[in-house]
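Some notes on the structure that comes next.
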Amino acid sequence: MTIRHLIVAFMLALLALPLAAPAAYAQDQAPRRSLFEVLFGNSNNQPSQPPATTQQRTMPQPQSSPRPQQQAPRPAPQASLPPAPAAVDKDEDATRIAVFGDSLAVDLAAAMNRFYAEDRATRVIGQGVGSSGFVRNDFFDWQGALDQAIANDSFDIAVVMVGINDRQVLGGAAALSEQWKASYSARIERFVNTLARAGKPFVWVELPPMERTQFSSDMAQISALHRSAVQSAGGEWVETFERYMSEAGNYTAVGPDLSGNIVSMRKGDGIHLSNAGSDKLAFFIDRAIRQHHTGSPGGNRSEVADLLAGTDAADMLRPPFQGLGQSRHFEMAGLVQQIGGQTRRANDLLMAGGQSAALAGFDLETMMVAPAGRVDAFGAVPEPALENRYGR
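Mature numbering (1 follows the signal peptide of the UniProt record, and there is no 0) puts the sequence shown at residues -26 to -1, 1 to 366.
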């Protein structure tokens, strides 16, 4: 072999080295066989199974028990309204009761409609206007509305409940100041005197106690002005303050309904009456109307004697129908009226300076002496002497 042949063989060996490297690398990467596989061979015909995947068991998360919710105080049971009765056609000559006032009167009219729903002889006309009163005539003029209603003869009996919006400046005077009270009372007196002159019986409802102490005190002062004017004009006054208070004399939102169940009497604002509270008030109004205004509208009036006339206490505020020029509206059977001439004023009888001709010669002592033989004639008159006491 020549040197030339050796060079060619060496060059071929160099070219073969890169081709053999991957095979050697592949052998190194092949898994080594065990002695058992060398002696008995490897079963390549069995497919290799993929490695088993271990499933992780997820443990159930313990559910956190819900926190006990703090129970809110149970509200007072709310009386449910009875099912609305079937509409009853009213008689053509049914007594028309108009309910005037603010939002309190709106709720009251709804309650009175429920109360008289099955009464064919009574019709309720709701005339309430929310946010109204006797201070802001620019918002709503109650005097003008009443004059128009009387001119139209649109009602027979008036029920009034108003005042919760009247704690405002009136004519530049601060609310409830002396100047304010004088101006406010003048408006109320004009209103009730208009009803009296028109011969319209009316019932005025006292403002109920309010939740806020100061507001309740102010409403009580306004109600006192209402009451003085109403009683002077001969209207009926329906008290609510004590009927909607607690036994301790404080505001309460609950109370007995018409069935005696303790339910919510007031709405959440602490001002208005709930349905049950309004229904209870409608009952008292009906009782006032039936007690003093039975029969057809019109009736008769009788002057009320003023026992304090001519005394230093003549200007004092009295209980209902005890003076102050009042004339009460009666519509009861059997009212005694003088036949012929004008009805005599009770004050004329009390304050009469002398005796009338018909009473001349009347001896008051005659009434003090019991006739002989009557059971109360002991010691008043000497026993008559008998000629023969024993009949001999």
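Glycine included, C-beta positions come from ideal geometry on N, C-alpha and C.
Quick caveat: nothing in here was measured; it's all calculated off a predicted structure.
C-alpha distance - residue i paired with residue j, whole-angstrom precision
i	j	result
Ser128	Gln142	31 Å
Tyr90	Val98	8 Å
residue 367	Val204	For the chain, the structure presents residues -26 to 366; residue 367 sits outside this window and is missing.
Arg(-23)	Leu(-15)	13 Å
Phe215	Arg94	32 Å
Ile71	Ala222	35 Å
Asn87	Thr168	26 Å
His246	Gly209	24 Å
Ala194	Asp63	40 Å
Phe165	Tyr225	30 Å
Phe113	Ala85	26 Å
Asn249	Arg201	25 Å
Glu254	Asp76	In the sequence under discussion, the amino acid at residue 254 is Lys, which differs from the Glu named in the question. Answer to the nearest angstrom: the Cα atoms are 19 Å apart.
Lys241	Thr285	47 Å
Asp192	Leu199	11 Å
Ile162	Glu66	32 Å
Gln117	Gln101	13 Å
Val73	Gly104	13 Å
Val80	Ser106	11 Å
Met238	Gly229	Note that residue 238 corresponds to Ser in the displayed sequence, not to Met. Ser238 and Gly229: Cα-Cα distance of roughly 7 Å.
Asn126	Ile236	43 Å
Thr96	Ile259	13 Å
residue 377	Phe108	Nothing can be reported for residue 377: it is not among the residues displayed for the chain, which extend from -26 to 366.
Ser190	Pro183	5 Å
Tyr218	Gly251	8 Å
Gln188	Ala119	31 Å
Ala227	Asn139	21 Å
Gly145	Asp115	15 Å
Ser220	Glu185	12 Å
Ser157	Ala149	11 Å
Ala207	Pro175	10 Å
Gln265	Gln122	28 Å
The beta strand (DSSP E) enclosing residue i, as first and last residue numbers
i	result
Ile99	Thr96 to Gly102
Ile245	No beta strand (DSSP E) contains Ile245, which DSSP labels as neither H nor E.
Ala132	Ile131 to Met135
Gly118	Counting along the chain, Gly118 falls outside any beta strand (DSSP E), though it belongs to the alpha helix (DSSP H) covering Trp116 to Asn126.
Val228	Val228 to Pro230
Val237	Ile236 to Ser238
Cβ separation of residue i and residue j, assumed to be a contact under 8 Å, to the nearest whole Å
i	j	result
Trp154	Ala147	4 Å
Ser197	Gly244	Ser197 to Gly244, Cβ: 17 Å. No contact.
Ala256	Leu82	7 Å
Val212	Ala262	5 Å
Thr172	Ile124	Inspection of the sequence shows that residue 172 is occupied by Ala rather than by Thr. Contact holds; Cβ gap of about 5 Å.
Span of the alpha helix (DSSP H) around residue i
i	result
Met86	Ser77 to Phe89
Ser252	Asn249 to His266
Cβ-heavy atom distance, residue i to the ligand MG, below 7 Å
i	result
Val80	What this structure holds is no ligand at all, so the ligand MG is not there to describe.
Chain C contact for residue i (CB, 8 Å cutoff)
i	result
Met193	Although the question refers to chain C, the structure presented lacks it and comprises just one protein chain.
Check your understanding: Which runs of the alpha helix (DSSP H) fall wholly inside the segment 137 to 218 and span at least 4 residues, in chain order?
Key -> Segments of the alpha helix (DSSP H) lying fully in the segment 137 to 218: 152 to 171 and 187 to 206.
Review point. Is the segment 125 to 136 touching the segment 165 to 182, taking contact as three or more C-beta pairs under 8 Å?
Key: yes
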